[in-house]
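Residue numbers (our numbering): 24 to 130.
What follows is the structure, given as structure tokens:
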């Protein structure tokens, strides 16, 4: 389990290697005291930010699974993250995963 107090944590970036692009599903199982958010920054091949898809975390003492979807083009880098806002906010993360699947190719 990872416990955050303060600004946040960025997970290992992944590169979309599918020629047709892909869709990533981010899932987090978290218990939050205070306010926080999770999401993913999508950067193009040259490192320029293309999108920042995020969702507020629902606060609660018990763990709750939450998820979002993010689209990426071939060569884009995905940087998933979790933030707990403020020095008194705490996020206890039981699990965090990202699955990237290819977009359907149209003949």
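For every residue, glycine included, the Cβ atom is placed at its ideal position computed from N, Cα and C.
Computed from a predicted model, the values in this text were never measured in an experiment.
- Only buried fits residue 116, as 16 or more other CB atoms lie within 10 angstroms of its CB.
- Beta-bridge pairing by DSSP links residue 75 to 64.
- Distance from residue 63 to residue 123 at the Cβ level is roughly 10 Å; contact not present, criterion being Cβ atoms closer than 8 Å.
- Annotated as distal: residue 82 and residue 41, with beta-carbon spacing of 9 Å or more.
- For residue 43 against residue 126, the beta-carbon gap comes to about 5 Å, under 8 Å, which counts as contact.
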